[in-house]
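Here the structure is laid out as structure tokens; the discussion comes afterwards.
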Amino acid sequence: MKLDNIRNFCIIAHIDHGKSTLADRFLELTGVISKKQNVEQVLDDMDLERERGITIKARAVRLPYEKNGKEYTLNLIDTPGHVDFSYEVSRALAACEGAILLVDASQGVEAQTVANMYLAIEAGLETIPVLNKTDLDTARPDDATLELHSSFGTEPDEVLDVSAKTGDNVPELLDALVGRIPPPEGDPEKPLRALVFDAVFDDYRGVIVYVRIIDGGMKRGSRVKMLRTEKTWEVTEVGIFQPSMQKIDSLTAGNVGYFTASIKILTDVQIGDTVAPAKGAEVEPLPGYQEPKPMVFCGIYPTQPGDFENLRKALEKLALNDSSFTFEPESSDALGFGFRCGFLGLLHMEIVQERLERESGVDIVQTAPTVKYEILTTANETILIDSPAKLPEPNLISEFREPIARVRIICPAKSIGTLMTLNQNRRGKYVKQEYLSQTRVILEYDIPLSEIIYDYYDKLKSATHGYGTLDYEVTGYKSGRLVKLSILVNEVPVDALSTIVHREVAERRGRALIRKLKKEIPRHMFQIPLQAAIGGRVVARETISPMRKNVTAKCYGGDVTRKRKLLEKQKAGKKRMKQVGNVEIPQKAFMAVLKVKED
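Given below as structure tokens:
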């Protein structure tokens, strides 16, 4: 097919504004699926996506479309809306020439609407602003159009009103896609250049590579080279998504599809790499993607030590499909051998944990999350640490720096006071505020990232009665009065429970955490002291009393020394037991750090 007849586009929006439902209507109208076989959110084929009602992975599909007797190929990439999956959005944008900016007509412009629109502008894409859910009684299209104009300078006559649920005006949107989004640039006669924008692992076919062909073409039997790894492969299959994989003879310039080449080693494929011919003229590599920077870190350990290798294989398979997730081996005195994993946010961490347990069947223990800190040592060296266990001794630290996030909140005007108090309690610094309309405001604050990753989002939703939305990006590091809060169980430091906190709240947080642990760790046959310490100073202590038998029950009156002898004998036995006994700490105790309420 000619390049003029191809349109590559994606749908970008805030979470729950109707991206997946609109994709369903496109699939129906173009005949890719029939109404009989249609189920909601066709492209959200992961169990987790259906259960949570969110898109986690960007998905591609080819739509055949006819206008004025001319046949077109529309390549749609459905993208996630949550802030933690913005890297998936950036990868989708790199494979497109245009984007539909979808806005809920009843909710208006939200935080991720703004963030995703700026991503599209930076990528140089043609955007079509669309108001969705116009069939609802609560829809306020005029206000939403005004918000689009004040946020992005969008003219009212450029905005289309649709209802993805009922299908109203969706055919007109397809016409607008063909008319307003430019065809892809490229030359079918040049040597092959293709961008790798995703990959999955199949037990039978090996790595399946998702590509956008920029120049040239690809067919079965042709030999190709990955420019980063410099390895060559023979293509065994090429195909397209409709929406499941379908074999075709060849992929040509401008199109989106996949290929397999019996690639068995996961590290041989890198997202953002350029695919070129194995022999012939040198091909200039494509720009690829900016590497994602993990913001949140935690330890993941197998419950059974023998599952370590199985966990490694599961993590490697997951990292291929989700290149924003990183991991490296580490060991813990309390938990044995495991991996230090990096994530883009807390939701991303939850999703990876659930996918690991479901897809690999390995039982895992996960430690409380932390962020990456910058340490200036007394030797004038700057080091980055992502775990309290890696922190140097206090006398070797010259300066302790923490990551600062620029937080953008869109909320009702009446919630400003409550949110300002919340942000000040989280050590936030006011930046600015702008009115989107008479009733909605954009608030900007600089807040330490460590103050956001725990329960900040829940508190935000509570303060705004569910109407507040959040977007953030890390802007840099700033010096702070931070300390390591060590937790000792049975007088032994447990590195997996230790945290880094601000000096002002360290003692209060230590007391709250010890009280929480006392409830979560079960009683043993011996007494267990729990302590929170800053450096060598204990700031909080609780004791879990032992389970004990009433050894004096058989004594009826008589000399009290007999009772004392029995109690002393029991006490000596408990002391010996404590010296040789191990304290079993359950998984929920490691996550107790997340749910601590500082009184």
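Taking the working numbering, I'd label the letters of the sequence shown as residues 15 to 613. Ideal Cβ placement from N, Cα and C applies to all residues, glycine included. Since the structure is predicted, the reported quantities are computational estimates derived from the model, not experimental observations.
Own chain partners of residue i with C-beta closer than 6 Å, once the 5 adjacent residues on each side are dropped
| i | result |
| --- | --- |
| residue 432 | 477 |
| residue 177 | 148, 149 |
| residue 528 | 544, 546, 554, 556 |
| residue 325 | 316, 376 |
| residue 449 | 455 |
| residue 640 | Any question about residue 640 goes unanswered here, given that the chain covers just 15 to 613. |
Residue i Cβ short of 7 Å to the ligand NAP heavy atom set
| i | result |
| --- | --- |
| residue 282 | Among the components of this structure there are no ligands whatsoever, and the ligand NAP is therefore not found. |
C-alpha gap between residue i and residue j, whole angstroms
| i | j | result |
| --- | --- | --- |
| residue 285 | residue 169 | 37 Å |
| residue 499 | residue 548 | 5 Å |
| residue 401 | residue 510 | 9 Å |
| residue 318 | residue 506 | 22 Å |
| residue 18 | residue 91 | 19 Å |
| residue 561 | residue 600 | 18 Å |
| residue 436 | residue 526 | 20 Å |
| residue 351 | residue 258 | 39 Å |
| residue 424 | residue 482 | 6 Å |
| residue 356 | residue 343 | 12 Å |
| residue 540 | residue 597 | 9 Å |
| residue 16 | residue 74 | 20 Å |
| residue 137 | residue 107 | 7 Å |
| residue 130 | residue 175 | 20 Å |
| residue 300 | residue 199 | 14 Å |
| residue 421 | residue 471 | 11 Å |
| residue 232 | residue 191 | 27 Å |
| residue 274 | residue 84 | 32 Å |
| residue 334 | residue 550 | 43 Å |
| residue 26 | residue 118 | 12 Å |
| residue 390 | residue 362 | 30 Å |
Spatially closest choice to residue i from the options, by CA coordinates
| i | options | result |
| --- | --- | --- |
| residue 42 | 345, 424, 185, 404 | 185 |
| residue 110 | 44, 23, 234 | 23 |
| residue 371 | 80, 413, 314 | 314 |
| residue 347 | 219, 234, 403, 218 | 403 |
| residue 469 | 439, 408, 138, 118 | 439 |
| residue 501 | 479, 495, 524 | 524 |
| residue 655 | 521, 427, 406, 463 | Nothing about residue 655 can be read from this structure; the chain reaches only from 15 to 613. |
| residue 295 | 196, 241, 263, 475 | 241 |
| residue 86 | 196, 219, 277 | 196 |
| residue 287 | 320, 254, 213 | 213 |
| residue 179 | 30, 173, 534, 459 | 30 |
| residue 228 | 298, 275, 249 | 298 |
| residue 33 | 44, 84, 127 | 127 |
| residue 250 | 269, 260, 237 | 237 |
| residue 461 | 542, 225, 434, 503 | 434 |
| residue 115 | 508, 248, 146 | 146 |
| residue 224 | 117, 181, 323, 336 | 336 |
| residue 209 | 362, 290, 521, 397 | 290 |
Buried or exposed (CB count within 10 angstroms, at least 16 for buried), residue i
| i | result |
| --- | --- |
| residue 594 | Because the pLDDT of residue 594 is 41, which lies under 50, any placement of that residue in the model is unreliable, and the question is left without a value. |
| residue 676 | As displayed, the chain neither begins before 15 nor continues past 613, which places residue 676 out of reach and without an answer. |
| residue 20 | buried |
| residue 485 | buried |
| residue 536 | exposed |
| residue 112 | buried |
| residue 386 | buried |
| residue 82 | exposed |
| residue 135 | exposed |
| residue 407 | exposed |
| residue 616 | Any question about residue 616 goes unanswered here, given that the chain covers just 15 to 613. |
| residue 409 | exposed |
| residue 277 | buried |
| residue 393 | exposed |
| residue 28 | buried |
7 Å CB neighbourhood of residue i in its chain, flanking five on each side removed
| i | result |
| --- | --- |
| residue 230 | 202, 204, 205, 206, 207, 267 |
| residue 329 | 341, 353 |
| residue 166 | 131 |
| residue 189 | 81 |
| residue 172 | 143 |
| residue 332 | 339, 366, 369, 370 |
Beta-carbon proximity list for residue i, same chain, < 8 Å, skipping 5 on both sides
| i | result |
| --- | --- |
| residue 245 | 239, 282 |
| residue 569 | 576, 577, 580 |
| residue 311 | 354, 355, 356, 357, 383, 384, 385, 386, 400, 401 |
| residue 140 | 111, 112, 113, 194, 195, 196 |
| residue 430 | 447, 455, 457 |
| residue 254 | 76, 260, 262, 265, 269, 270, 271, 272 |
Using 8 Å as the threshold, is the region 378–396 in touch with the region 513–524, meaning 3 or more CB pairs across them?
yes
Okay, do the region 481–493 and the region 414–421 touch, 3+ Cβ pairs below 8 Å being the bar?
yes
Is the region 119–134 touching the region 148–162, taking contact as three or more C-beta pairs under 8 Å?
yes
Does the contact criterion of 3 or more C-beta pairs under 8 Å hold for the region 217–237 versus the region 25–39?
no
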